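One structure below.
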Amino acid sequence: MKKFLPLLALGLLTGCTTILETGDKLERGLTPPDAVNYATTKPEGGFSTQLNDNRIGNKVELLAARKSKTDGGYTRVQFDLRNGAYLRQTINVSFEWLAADGTVTESQPNWIVTPLEPGALTTVTATALKAQSAECRLRLISR
Amino acid sequence: MNKLSLLACAVFIVGCGTPATYKDPQGRELVVSLDKVNIQDFATAGSQMLQSMISSPSFSKGAPVLQLGSITNDTADNFDTALLLSKLTVPLVNANRVTLLDNDATANAARATSGSNANVPRAEYVLKGKILEDRSNAGSTRQSSFVFQLTLVEVKRGVAVWTEEKIVTKQGTKNAVGF
């Protein structure tokens, strides 16, 4: 029995690095799939949010959305995100562009994996390809 | 009876596999491979390259004439580099942000026989690049990094006016599904 104790301790220590990951997997197994969340710029400035997965609201703060024009007149946006948790997180972002009348003009065909260090500010930027793209809709999922 | 039981068990085990289903190629349930560039890696690198490229002064106004140069695949994986280039050219052409030269032999022959006097525009820029890989491991954990490099060369001056590098890194012990 005494021979097994150090082995058990070693096993526990080795396993320490994966405890968080396992916990995360357990949590994810018990909860529904991650819903997509939105932040959309407004014509008058600022942004509106649609939070469909409350867990992301506890983890990530959306601090600001800035909108500007490039030299060619195309809309460019920047969203400032902050990881308010004590753990490193990974979120995935994607952009959709809307015309002034609300119709979708462009969609990004993939998710961009965005690591967020604890407390760190991260800025995600997108530039429209079409001149009629006026507003930007940021799509976020927590994993 | 024992043989029958074993056979039943074998059939049961074989039947446990996941049947093939269609997946959204832009979704989050795609296979992530450690030993090859996945379709979503091209999409990720391509869209980030595109965003960087359209922010360069060369693309700030009008629709510059672009010719595609060579993209060297310097990885152990065999794939068509058009998988990366299309992620840039498709949105740029469809948004009328570039005039893309097409050197297709059939199209050239058809133009010659049609007696068209229209001038073929001269390339202002050439897009070239390289895809590299780096692999390492620590114990059973494997890591693969695929490096996507693109350069935009201004033909008139022969100088690079935009260049970008994006790295897609994947780490794990085995291939998986999802992010």
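First to last, the protein sequences are chains D and U.
If you're matching positions, the first sequence starts at 174 in the working numbering and goes up one per residue.
If you're matching positions, the second sequence starts at 1491 in the working numbering and goes up one per residue.
The beta-carbon is built from N, C-alpha and C at its ideal position, and this holds for glycine as well.
It should be emphasised that the depicted structure is a prediction, and the values quoted were computed from it without experimental measurement.
* To do: Kindly indicate which three-state DSSP category D:ASP299 falls into: helix, strand or coil?
  => Rather than Asp, the amino acid found at residue 299 of chain D in this sequence is Ala. The answer is strand: DSSP assigns D:ALA299 an E or B state.
* To do: Starting from the Cα of D:VAL286, find the closest Cα among D:ARG310, D:THR278, D:THR295, D:GLU279 and give me that residue.
  => Of D:ARG310, D:THR278, D:THR295, D:GLU279, the smallest CA-CA separation from D:VAL286 is found for D:THR295.
* Who are the near neighbours of U:GLN1538 in its chain, counting only those whose CB is closer than 6 Å to its CB and skipping five residues on each side? -> Sequence-distant partners of U:GLN1538 (beyond 5 residues in either direction) whose C-beta falls short of 6 Å from its own C-beta, in its chain, are LYS1656.
* Asked: Pairing CB atoms from the segment 249 to 264 of chain D with CB atoms from the segment 229 to 238 of chain D, are three or more of them under 8 Å?
  -> The segment 249 to 264 of chain D makes contact with the segment 229 to 238 of chain D: 3 or more CB pairs, one atom from each, lie closer than 8 Å.
* To do: Please list the residues of the segment 276 to 310 of chain D that have a C-beta atom closer than 8 Å to any C-beta atom in chain U, keeping them in chain order.
  => Cβ proximity to chain U below 8 Å picks out GLU279, GLN281, PRO282, ASN283, TRP284, ILE285, VAL286, THR298, ALA299, THR300, LEU302, LYS303 from the segment 276 to 310 of chain D.
* To do: Would you kindly report the start and end of the unbroken beta strand (DSSP E) that includes U:ASN1563?
  => Residues 1555 to 1563.
* Asked: So with Cβ pairs under 7 Å, would you call U:THR1663 a contact of chain D?
  -> At a cut-off of 7 Å, the C-beta of U:THR1663 has no neighbouring C-beta in chain D.
* U:VAL1583 and U:LEU1590 closer than 7 Å at C-beta -> Cβ distance < 7 Å, so U:VAL1583 and U:LEU1590 count as in contact.
* **U:ALA1600, enclosing alpha helix (DSSP H) - first and last residue** => Run containing U:ALA1600: 1595 to 1603, per the alpha helix (DSSP H) assignment.
* To do: With DSSP as the reference, label D:GLY230 as helix, strand or coil.
  => It is helical.
* Would you say U:PRO1581 faces chain D, with C-beta separation under 7 Å as the test? -> Yes - at least one Cβ of chain D is within 7 Å of the one on U:PRO1581.
* Asked: What number of angstroms, rounded off, separates the C-alpha of U:SER1548 from the C-alpha of U:GLU1644?
  -> Straight-line Cα distance between these residues: approximately 9 Å.
* **Residues, ordered as in the chain, of the segment 1509 to 1535 of chain U that lie near chain D by beta-carbon distance below 7 Å** => Answer in chain order: GLN1516, ARG1518, GLN1530, ALA1533, THR1534.
* Asked: In whole angstroms, what separates the C-alpha of D:ASP207 from that of U:GLY1536?
  -> Each residue's Cα considered, the two are about 25 Å apart.
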